[in-house]
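According to our numbering, the sequence shown is numbered sequentially starting from 231.
Positions of the beta carbon are idealized from the N, C-alpha and C atoms, including for glycine.
Predicted model, so just to flag it, every value in this text is computed and none were measured.
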Amino acid sequence: MAILLFGIMVALLLLGFPMKVPLTAATFAMLLIYYPSDVPPTIIIQQWIGGITPAALIAVPMFVLAADIMTRGQAANRLLDMVDAFVGHVRGGLPMTTAVSCTLFGAMSGSTQATVVAIGGPLRPRLLEAGYSSPFSTALIINASDIAMLIPPSIGMIVYGVVSGTSIGELFIAGIGPGLLILLLFCGYCYFASPKRGTQEEPRPVANWKQRGQALRRAVLPLGFPAIIMGGIYSGVFSPTEAAAVCVLYATVLEVGVYREMGWRELYRSALSTGLVTAVVFVLVGVGAAFSWVISFAQLPQALLTDTLGLTADSGYWTIMLSISIAYFVGCMFVDPIVVILILTPIFHPIAVAAGIDPVLVGVAVTLQVAIGSATPPFG
């Protein structure tokens, strides 16, 4: 059964079909071949629709819309200028500026794609002009943008929380520490690796505190996004879904009313772009939910993990966590991160919970491996 399932998916992927087609085809094939009379095919549609009905998923298009508005406006540039004023003069300052800016924008948007566009667009030419190679510049932007997977408002954490039933607010809070630690590691690497890259980055004068203060004042309103998200959720003023709605309102007021960088035409384009992105995400979520139901109904996880690999709740903490990390990392090397979360979480989450492992810890480990795997070749 497993050979049939993954054989269909791999064949269709190699033929160039988008991910939703192999998932749907494998789901219906398993249902029709193995359960022609017991289960009506309409149940797949029910599972598909049921997968996109949780109210928490409303936060996904909200955060995507807020990120798109900020990308088209001035928030990203103001953040970039502020970071540059504080760290641009040190050795490896330009790569550090890139990493810190990606992290800050990720804390505002929760979207790796939006972060790549908003920060990578203006900074990649500057990195190339400073003598950094194209592979180094591109890899830095992509991997630093993946920190958005770990820090609030991570879209990956939202999907994981919905699938596993884990508190999204607790996932957000738990992801801050690892995200900042990875940022520090990025900055350390940039500091020590920059001289070895043979760059022509010119030493820059240190910005005085007046210049830093001006840059900080220009960026103080965009910095309100993380404060709103974490402050509101942690204090209990609103839920993650409500925080997403507040972010959309804040971004609209900021870019349209305060900075006056956008008009109704640009807002319409942002809404249209968000609709397209949301449609793709929700189709993947729905198909992934149906696929997860079919493999659970067929008891494939039990056959694969328990009977074949011998992985049970008694396998031990490190064995379970290592298995989870490898599975998510390898999966995201080939498949969209959201699909991997939807497929693997129903398989591994029950084992981790039965073993007494904190589901929030598992969620942070999952999003970390998803972030790394999604930036890793061959398809990362």
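Reference residue i; option with closest CA among the options
{"i": "residue 338", "options": "359, 372, 476", "result": "476"}
{"i": "residue 285", "options": "469, 407, 248, 582", "result": "469"}
{"i": "residue 309", "options": "453, 493, 506, 483", "result": "453"}
{"i": "residue 586", "options": "545, 527, 575", "result": "545"}
{"i": "residue 298", "options": "321, 515, 373, 499", "result": "499"}
{"i": "residue 352", "options": "436, 304, 593", "result": "304"}
{"i": "residue 595", "options": "272, 377, 280, 416", "result": "377"}
{"i": "residue 313", "options": "396, 437, 277", "result": "437"}
{"i": "residue 369", "options": "416, 511, 407", "result": "416"}
{"i": "residue 381", "options": "300, 408, 607, 331", "result": "408"}
{"i": "residue 278", "options": "518, 549, 570", "result": "518"}
{"i": "residue 403", "options": "358, 388, 542", "result": "388"}
{"i": "residue 590", "options": "576, 364, 405, 333", "result": "405"}
{"i": "residue 547", "options": "508, 565, 584", "result": "584"}
{"i": "residue 447", "options": "311, 588, 259, 254", "result": "311"}
{"i": "residue 347", "options": "488, 384, 300, 362", "result": "300"}
{"i": "residue 244", "options": "510, 565, 569", "result": "565"}
{"i": "residue 341", "options": "557, 509, 422, 293", "result": "293"}
{"i": "residue 361", "options": "588, 324, 248", "result": "324"}
{"i": "residue 332", "options": "461, 373, 563", "result": "373"}
{"i": "residue 541", "options": "444, 456, 580, 491", "result": "580"}
{"i": "residue 280", "options": "383, 527, 242, 520", "result": "520"}
{"i": "residue 363", "options": "423, 385, 466, 375", "result": "423"}
{"i": "residue 543", "options": "465, 573, 578", "result": "578"}
{"i": "residue 386", "options": "502, 343, 506", "result": "343"}
{"i": "residue 248", "options": "510, 556, 493", "result": "510"}
{"i": "residue 588", "options": "276, 492, 397", "result": "397"}
Residue i vs residue j beta-carbon contact at 8 angstroms
{"i": "residue 459", "j": "residue 449", "result": "no"}
{"i": "residue 567", "j": "residue 522", "result": "no"}
{"i": "residue 379", "j": "residue 597", "result": "yes"}
{"i": "residue 582", "j": "residue 554", "result": "yes"}
{"i": "residue 390", "j": "residue 401", "result": "yes"}
{"i": "residue 273", "j": "residue 328", "result": "no"}
{"i": "residue 366", "j": "residue 349", "result": "no"}
{"i": "residue 471", "j": "residue 289", "result": "yes"}
{"i": "residue 282", "j": "residue 559", "result": "no"}
{"i": "residue 504", "j": "residue 287", "result": "no"}
{"i": "residue 354", "j": "residue 425", "result": "no"}
{"i": "residue 393", "j": "residue 576", "result": "yes"}
{"i": "residue 549", "j": "residue 291", "result": "no"}
{"i": "residue 330", "j": "residue 413", "result": "yes"}
{"i": "residue 515", "j": "residue 253", "result": "no"}
{"i": "residue 463", "j": "residue 395", "result": "no"}
{"i": "residue 478", "j": "residue 451", "result": "no"}
{"i": "residue 551", "j": "residue 606", "result": "no"}
{"i": "residue 421", "j": "residue 455", "result": "no"}
Which of helix, strand or coil DSSP assigns to residue i
{"i": "residue 321", "result": "coil"}
{"i": "residue 314", "result": "helix"}
{"i": "residue 405", "result": "helix"}
{"i": "residue 466", "result": "coil"}
{"i": "residue 491", "result": "coil"}
{"i": "residue 438", "result": "coil"}
{"i": "residue 566", "result": "coil"}
{"i": "residue 247", "result": "coil"}
{"i": "residue 362", "result": "coil"}
{"i": "residue 304", "result": "coil"}
{"i": "residue 190", "result": "There is simply no residue 190 to check, as the chain begins at 231 and stops at 610 in what is shown."}
{"i": "residue 471", "result": "helix"}
{"i": "residue 605", "result": "coil"}
{"i": "residue 449", "result": "helix"}
{"i": "residue 588", "result": "coil"}
{"i": "residue 482", "result": "helix"}
{"i": "residue 397", "result": "coil"}
{"i": "residue 349", "result": "helix"}
{"i": "residue 598", "result": "helix"}
{"i": "residue 238", "result": "helix"}
{"i": "residue 252", "result": "helix"}
{"i": "residue 456", "result": "helix"}
{"i": "residue 340", "result": "coil"}
{"i": "residue 424", "result": "helix"}
{"i": "residue 189", "result": "There is simply no residue 189 to check, as the chain begins at 231 and stops at 610 in what is shown."}
{"i": "residue 541", "result": "coil"}
{"i": "residue 291", "result": "helix"}
{"i": "residue 375", "result": "helix"}
Assumed close pair residue i, residue j - CB separation to whole angstroms, cut-off 8 angstroms
{"i": "residue 257", "j": "residue 524", "result": "5 angstroms"}
{"i": "residue 496", "j": "residue 302", "result": "6 angstroms"}
{"i": "residue 315", "j": "residue 441", "result": "6 angstroms"}
{"i": "residue 571", "j": "residue 600", "result": "7 angstroms"}
{"i": "residue 193", "j": "residue 242", "result": "Past the edges of the chain, shown from 231 to 610, lies residue 193, and the structure says nothing about it."}
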